[in-house]
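Visitor:
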Amino acid sequence: MYALRVVLAAGLALVGLILLVQIVWGYLNVPQLRDVPAAWPSTPRVSVIVAARDEERHIESAVSSLLEQSYPDFEVIVVDDRSSDRTAAILAGLKGSDGRLDVVTVRELPAGWLGKNHAIHVGAQRARGELLLFADADVILQPSALSRAVRLQQIENADHVTLFPDVVIPSSALALVVNYGFMWAFILARPWKTRDSRSSASLGIGAFNLVRASAYVAIGGHSRIKLRPDDDLMLGKLLKRSGHKQIVAFATGDMSVEWYRSLGEFARGVRKNTFAALQYSVLLAIALVLSNLVIGAWPFAAVWLTTGAERSLYSIAVASQLAAFVRQGIAQRAKPWLALFYPIAALITVAIVTAAVWRTLRRRGIEWRGTFYPLDELRANRV
Numbered sequence: 032m033y034a035l036r037v038v039l040a041a042g043l044a045l046v047g048l049i050l051l052v053q054i055v056w057g058y059l060n061v062p063q064l065r066d067v068p069a070a071w072p073s074t075p076r077v078s079v080i081v082a083a084r085d086e087e088r089h090i091e092s093a094v095s096s097l098l099e100q101s102y103p104d105f106e107v108i109v110v111d112d113r114s115s116d117r118t119a120a121i122l123a124g125l126k127g128s129d130g131r132l133d134v135v136t137v138r139e140l141p142a143g144w145l146g147k148n149h150a151i152h153v154g155a156q157r158a159r160g161e162l163l164l165f166a167d168a169d170v171i172l173q174p175s176a177l178s179r180a181v182r183l184q185q186i187e188n189a190d191h192v193t194l195f196p197d198v199v200i201p202s203s204a205l206a207l208v209v210n211y212g213f214m215w216a217f218i219l220a221r222p223w224k225t226r227d228s229r230s231s232a233s234l235g236i237g238a239f240n241l242v243r244a245s246a247y248v249a250i251g252g253h254s255r256i257k258l259r260p261d262d263d264l265m266l267g268k269l270l271k272r273s274g275h276k277q278i279v280a281f282a283t284g285d286m287s288v289e290w291y292r293s294l295g296e297f298a299r300g301v302r303k304n305t306f307a308a309l310q311y312s313v314l315l316a317i318a319l320v321l322s323n324l325v326i327g328a329w330p331f332a333a334v335w336l337t338t339g340a341e342r343s344l345y346s347i348a349v350a351s352q353l354a355a356f357v358r359q360g361i362a363q364r365a366k367p368w369l370a371l372f373y374p375i376a377a378l379i380t381v382a383i384v385t386a387a388v389w390r391t392l393r394r395r396g397i398e399w400r401g402t403f404y405p406l407d408e409l410r411a412n413r414v
């Protein structure tokens, strides 16, 4: 029995070391947008497409930042998806002052579509650009961001450029859980491998997906992912699987987004896509919960509950994960002392995932922005 316990401790120590090496390696091998020159040998037209529903909190600053881009040839298409707040009025004011802004209003949602996905589809149909930029309605871009992204696309001859934004996180509790989640998501997504055609790694980040229009049409656009709450991830997956070149970069200092304002808002916000990201598989959900408990929480208790070789191995597991957490936190400007609460982040993540999956199963679907989507229909949209 003792030998089996040592094997478990050794396995978790190895996992911790692999995690740390992967985090360090990944950050060294994912390019920074700020290192790309804001100049272009050619300037293909870019159509920026934004889906907005009840976005009065951010829409003015987000759209204004788009209209202030230094890139010489672009249009901005904002699709107002049945908003009930001041979004429409704010957009009307912006449209009156800049002819590059096209505002489209969706009044009814067709059957078989998620609202956001349909709005993006509508915007893409109106687009005239050689490149399509799908951006969220709360994203703030610095004036040179689009220029640098297009230049990166040209340097790499890529069909898809997606960017990690700076995430504005106003509370320590939220920063703890988000940084923990981002760390493990970074490892699972392997963004440094997306540019490798031999790798299955793919990624799409809703804040910024710059796609060659011909590639978007070739994969069937958003009509292939009508009912995917994780549409950004699935867009990246479809593009990569279809042989289109993809590259991921950090937009540190060039793009920011206030994702959620509190831990409670975050927990409610991820209800819609947690189960989707797990391919609606209960077995994958159980595996995720158990892995968080065994890898993320248990070693921190085991350091105090074991002795000898076990304790030494668990200490390696703990130190490695804390170091990886701190390294991830540097990218998001998270406070290093949050690492002290790492196992709490694992437990909170377990609670959020469990609640999201259970709620989806119990209600047999998800509710998103005032519309209910049955689980059977969501599951049928496989990618």
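For the sequence shown, this note's numbering assigns the number 32 to the initial residue and increments by one for each residue that follows. Don't be surprised by glycine CBs; every beta carbon is placed ideally from N, CA and C. Keep in mind it's a predicted model, so treat the numbers as computed, not measured.
At the level of alpha carbons, what is the spacing between Ser245 and Pro75?
Guide: Approximately 13 Å, taken between the alpha carbons.
Visitor: Taking its Cβ as the centre, do 16 or more other Cβ atoms sit within 10 Å of Asn60, making it buried, or is it exposed?
Guide: Under this definition Asn60 is an exposed residue.
Visitor: Contact check, Leu48 vs Ser351 under 8 Å by CB: the rounded distance?
Guide: That pair is a contact at about 5 Å.
Visitor: Measure the CB-CB distance between Thr283 and Gln63 and report whether it falls below 8 Å.
Guide: Yes, Cβ-Cβ distance for Thr283 and Gln63 is below 8 Å.
Visitor: Any contact of the segment 263-279 with the segment 216-236, i.e. 3+ C-beta pairs under 8 Å?
Guide: Output reads yes: the segment 216-236 touches the segment 263-279.
Visitor: What does the alpha-carbon distance come out to for the pair Val170 and Arg36?
Guide: Between Val170 and Arg36, the C-alpha separation is close to 48 Å.
Visitor: By DSSP, does Met32 sit in helix, in strand, or in coil?
Guide: If DSSP states are grouped into helix, strand and coil, Met32 belongs with coil.
Visitor: Across the segment 286-304 and the segment 181-190, are there enough close Cβ pairs to call them in contact, namely three or more that are closer than 8 Å?
Guide: Flag = no, the segment 286-304 and the segment 181-190 do not touch.
Visitor: With a floor of 3 residues, list each beta strand (DSSP E) that falls wholly inside the segment 99-154, ordered by position along the chain.
Guide: 105-112 and 132-137, all fully within the segment 99-154.
Visitor: Residues in its own chain within less than 8 Å of Pro367 by CB, not counting five upstream and five downstream?
Guide: So the list reads Val357 and Gly360, once near-sequence residues are dropped.
Visitor: Are the CB atoms of Leu241 and Leu371 within a distance shorter than 8 Å?
Guide: Contact: no.
Visitor: Starting from the N-terminal side, write out each stretch of the beta strand (DSSP E) that is 3 residues or longer and does not extend beyond the segment 194-270.
Guide: If we require 3 residues or more, the beta strand (DSSP E) runs fully inside the segment 194-270 come out as 197-199 and 239-243.
Visitor: Grouping DSSP H, G and I as helix and E and B as strand, with all else coil, what is Gln185?
Guide: Helix.
Visitor: Who are the Cβ neighbours of Leu50 in its own chain at under 7 Å, not counting the five residues just before and after it?
Guide: Excluding sequence neighbours, Leu50 sits near Ile218, Ser351, Gln352 and Ala355.
Visitor: Tell me which residue opens and which closes the beta strand (DSSP E) that Phe372 is part of.
Guide: Element bounds for Phe372: n/a, residue is neither H nor E.
Visitor: DSSP three-state call for Trp71: helix, strand or coil?
Guide: Note: Trp71 maps to coil in three-state DSSP.
Visitor: Chain C beta carbons: is any one of them nearer than 8 Å to that of Val94?
Guide: Protein chains in the displayed structure number just one, and chain C is not present.
Visitor: Could you give the DSSP three-state label for Ser178: helix, strand or coil?
Guide: Correct three-state label for Ser178: helix.
Visitor: At 4 residues or longer, what runs of the alpha helix (DSSP H) sit wholly inside the segment 308-335?
Guide: Whole alpha helix (DSSP H) segments, 4+ residues: 313-322.
Visitor: Would Val109 and Val134 qualify as a contact pair, given that the criterion is a beta-carbon distance under 8 Å?
Guide: For Val109 and Val134, yes; Cβs fall inside 8 Å.
Visitor: If you check the beta carbons only, do Ile54 and Met214 fall under 8 Å apart?
Guide: Contact flag set, yes.
Visitor: Identify whether Glu289 lies in helix, strand or coil by the three-state DSSP scheme.
Guide: Residue state, collapsed to three classes: strand.
Visitor: Where does Pro68 land, buried or exposed, given buried means 16+ other C-beta within 10 angstroms?
Guide: The residue in question, Pro68, is exposed, as its Cβ has fewer than 16 Cβ neighbours within 10 Å.
Visitor: Decide yes or no for the touch test of the segment 103-119 against the segment 187-200: beta carbon pairs closer than 8 Å, at least 3 of them.
Guide: Not touching, per the Cβ criterion.
Visitor: Check the C-beta distance from Val208 over to Ile379 and give it rounded, since I have them as a contact under 8 Å.
Guide: Val208 to Ile379, Cβ: 5 Å. Contact.
Visitor: Write down the C-beta distance between Ala83 and Ala168 rounded to the nearest angstrom, noting that I regard them as a contact closer than 8 Å.
Guide: Yes, Ala83 and Ala168 are in contact; Cβ-Cβ is about 4 Å, under 8 Å.
Visitor: Would you check if the distance between the CB atom of His253 and the CB atom of Asp262 is smaller than 8 Å?
Guide: Against a cut-off of 8 Å, the Cβ pair of Asp262 and His253 comes out as a contact.
Visitor: Could you say which of Val77, Leu125, Ser73 and Asp104 lies nearest to Ser95 if we only look at CA atoms?
Guide: Of Val77, Leu125, Ser73 and Asp104, the residue nearest in Cα terms is Leu125.
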